[in-house]
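Note that the working numbering numbers the sequence shown so that position 348 is 1129, with each residue one more than the last. Heads up, the thing below is written out as structure tokens.
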Amino acid sequence: MKERIVLAYSGGLDTSVAIGWIGEATGAEVVAVAVDVGQGGESLETVRQRALDCGAVEAYVADARDEFAEQYCMPTLKANGLYMDAYPLVSAISRPVISRHLVAAARQFGASTVAHGCTGKGNDQVRFEVSIQTLGPDLKCIAPVRDLALTREKAIEYAERNDLPIATTKKNPFSIDQNVWGRAVETGFLEDIWNGPTKDVYDYTDDPAFPPAPDVVTIAFERGVPTALDGRTLSPLEIIEELNRRAGAQGVGRIDIVEDRLVGIKSREIYEAPGAMALIAAHRELENVTLEREQARFKKQVDQRWTELVYDGQWYSPLKKNLDTFIDDTQQYVNGEIRLELHGGRATVQGRRSETGLYDFNLATYDEGDSFDQSSARGFIDIYGLSAKTASEREQRLDGGADLADVARLSND
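The structure is reproduced here in structure tokens:
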């Protein structure tokens, strides 16, 4: 029996050509694997048939939209996952779920190698290969573009020479990756970081400079996971999709960033993530209401480390799993509702309520009903400042008084 190679298949020119290209270069049979994570476009059946028409011996297709939303987007939301405080990990969280299906297909069809379409200078090659090797340590990985010299020019020539059922003349000036959590755009004139993005860069969002009337939405959460919009119980996928439409219509979630890639270079990226950014804004505020102060402070450090691990392709790593356990435990009381106003590119919190929150009106109020014992404050301040006061007394005893020479003098005029 011939060796088999599983190929991550998108249905586009490069991966369609890669089916035959890999076969000719290695002598192996190619099994095409297409995974729907909400990227839109053609139906899975159309993609499956094209893979077979391009020479695949088998074509495995999977509708992974709910799986992606529930098992990858929701953990990212619980961790408030924003790389460099901006990027909501759009591509980084789709690679592990695709890799999971690639490994499953390799087992099903008896393949020894997995192939992907990434270049040798991006993050995704790392994310795919680390995930694949973690889930299937015996599997090998190859990348036709990186390892088998498959350039776009060669792909077009190969497709035309072999009459492959794929368009070869249309070339988008951008490199685009998209799924239900968001959309990533790079290359072309965007590589000059002085150039501003033009209208044709965007698809998920409308121009925030010309918004429709404000849209107010109430998002309900249970244990950190959104469960309803405006009182309607929906699945995580349905909630993300509806907020993509509603927040996208208001221009929410446009991100333009020069990003530190894992491979050591800086890259200019444009992202659109209207649903993700609206949900993260709401989730963060609900955590402000429900998490204890020290717990919240430490969780921010954990969130950042979790985000870095996921960005760096370590979704299935032991440390990331450990951090998942901590984050999940913090979400026990992250229940309630957040009211957001979506308008002009912003998702602004207007209201919060939670039966499991730590906000106590009677402690917070300055009006009648105040239950805070203000007489406790004096002793608290004395103890809280005692170590600094003691150190200052030593400094002034040994080195003289505090230097106040640069303090502005009061006028005697």
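The beta carbon of each residue, even a glycine, is placed where N, CA and C say it ideally should be.
Beta carbon of residue i nearer than 8 Å to that of residue j
| i | j | result |
| --- | --- | --- |
| ARG846 | ASP817 | yes |
| ALA896 | LEU1072 | no |
| ALA860 | ALA832 | no |
| ARG1027 | VAL1070 | no |
| GLU1053 | THR986 | yes |
| ALA1033 | MET1058 | Inspection of the sequence shows that residue 1033 is occupied by Val rather than by Ala. Yes. |
| THR1111 | LYS1081 | no |
| GLY1126 | ARG1035 | yes |
| ALA806 | LEU945 | no |
| GLY724 | ARG908 | Examination of residue 724 is not possible in this model, given that the chain is present from 782 through 1194 alone. |
| PRO918 | HIS1124 | no |
| VAL798 | ALA1009 | no |
| PRO993 | ALA1030 | yes |
Cβ neighbours of residue i in the same chain (closer than 8 Å, five flanking residues each side left out)
| i | result |
| --- | --- |
| GLY793 | ILE947 |
| THR900 | GLN906, ALA924, VAL926, ARG927 |
| PRO954 | THR968, GLY969, PHE970 |
| ASN976 | PHE970 |
| GLY822 | GLY792 |
| LEU1060 | LEU858, ILE1000, PRO1007, ILE1020, ILE1021, LEU1024 |
| PHE1011 | According to the sequence shown, residue 1011 is Asp rather than Phe. Cβ within range, chain order: VAL998, THR999. |
Neighbour-count burial assignment, residue i, 16 or more Cβ in a 10 Å radius
| i | result |
| --- | --- |
| GLN1177 | exposed |
| ASN1103 | exposed |
| PRO1017 | buried |
| ARG1078 | exposed |
| ASP1143 | The sequence given here places Asn at residue 1143; Asp does not occur at that position. It counts as exposed. |
| ALA1183 | exposed |
| VAL884 | buried |
| ASN1168 | Correcting the residue type first, residue 1168 is Ser in the shown sequence and not Asn. Per the 10 Å Cβ criterion, exposed. |
| PHE1195 | The shown model of the chain, from 782 to 1194, leaves out residue 1195, and the question about it has no answer. |
| ARG1074 | exposed |
| LEU870 | buried |
| ARG881 | buried |
| ARG829 | buried |
| VAL982 | buried |
Range covered by the beta strand (DSSP E) that runs through residue i
| i | result |
| --- | --- |
| ALA813 | 810–817 |
| PHE1002 | 996–1003 |
| VAL1044 | Careful: VAL1044 lies outside any beta strand (DSSP E) and carries neither H nor E. |
| LEU1121 | 1117–1124 |
| TYR1140 | First-last for TYR1140: undefined, no H or E at that position. |
| ASP844 | 839–844 |
| LEU1010 | 1006–1010 |
| ALA990 | Here ALA990 belongs to no beta strand (DSSP E), and DSSP marks it neither H nor E. |
| THR1129 | 1127–1134 |
| LEU788 | 785–789 |
Spatial neighbours of residue i in its chain, beta-carbon cut-off 7 Å, leaving aside the 5 residues before and after
| i | result |
| --- | --- |
| VAL1083 | LEU1104, PHE1107, ILE1108 |
| LYS921 | SER893, THR894 |
| ASP844 | ASP817, LEU825 |
| TYR1097 | PRO877, SER912, THR915, LEU916 |
| SER872 | ASP905, ASP958, ALA965 |
| ARG1004 | GLN1112, GLN1113, VAL1115, ASN1116 |
| ASN943 | GLY801 |
| ALA936 | LEU794, ASP795, VAL798 |
| THR1014 | THR1008 |
| ASP1037 | PRO978, ILE1051 |
Delimiting residues of the alpha helix (DSSP H) encompassing residue i
| i | result |
| --- | --- |
| ARG1049 | Counting along the chain, ARG1049 falls outside any alpha helix (DSSP H), though it belongs to the beta strand (DSSP E) covering 1047–1053. |
| ASP1110 | 1099–1111 |
| ILE1020 | 1017–1030 |
| ASP834 | 825–834 |
| ILE803 | 794–807 |
| TYR755 | Because the chain is modelled from 782 through 1194, residue 755 falls outside the range shown and cannot be assessed. |
| ARG1159 | 1157–1165 |
| ARG1190 | No alpha helix (DSSP H) contains ARG1190, which DSSP labels as neither H nor E. |
| THR979 | Unbroken run through THR979: none, as it is neither H nor E. |
| THR857 | 855–859 |
Spatial neighbours of residue i in its chain, beta-carbon cut-off 6 Å, leaving aside the 5 residues before and after
| i | result |
| --- | --- |
| VAL811 | ILE786, LEU788, ILE800, ILE803, GLY804, ALA837 |
| TYR841 | VAL814, ALA886 |
| PHE849 | VAL818, VAL878 |
| TYR1042 | At residue 1042 the sequence reads Arg, which differs from the Tyr that was named. ASN904, SER1048, listed in sequence order. |
| TYR1114 | THR1071, THR1137 |
| GLN1131 | ARG1120, GLU1122 |
| THR1088 | GLY862, TYR864 |
| TYR853 | ILE874, VAL878 |
| HIS1064 | LEU858 |
message = Runs of 4 residues minimum, wholly inside the region 861–897: which ones carry the alpha helix (DSSP H) assignment?
response = 875–890
key: In chain order, each beta strand (DSSP E) run of at least 3 residues that lies wholly inside the region 907–968   = 921–923, 956–960, 963–967
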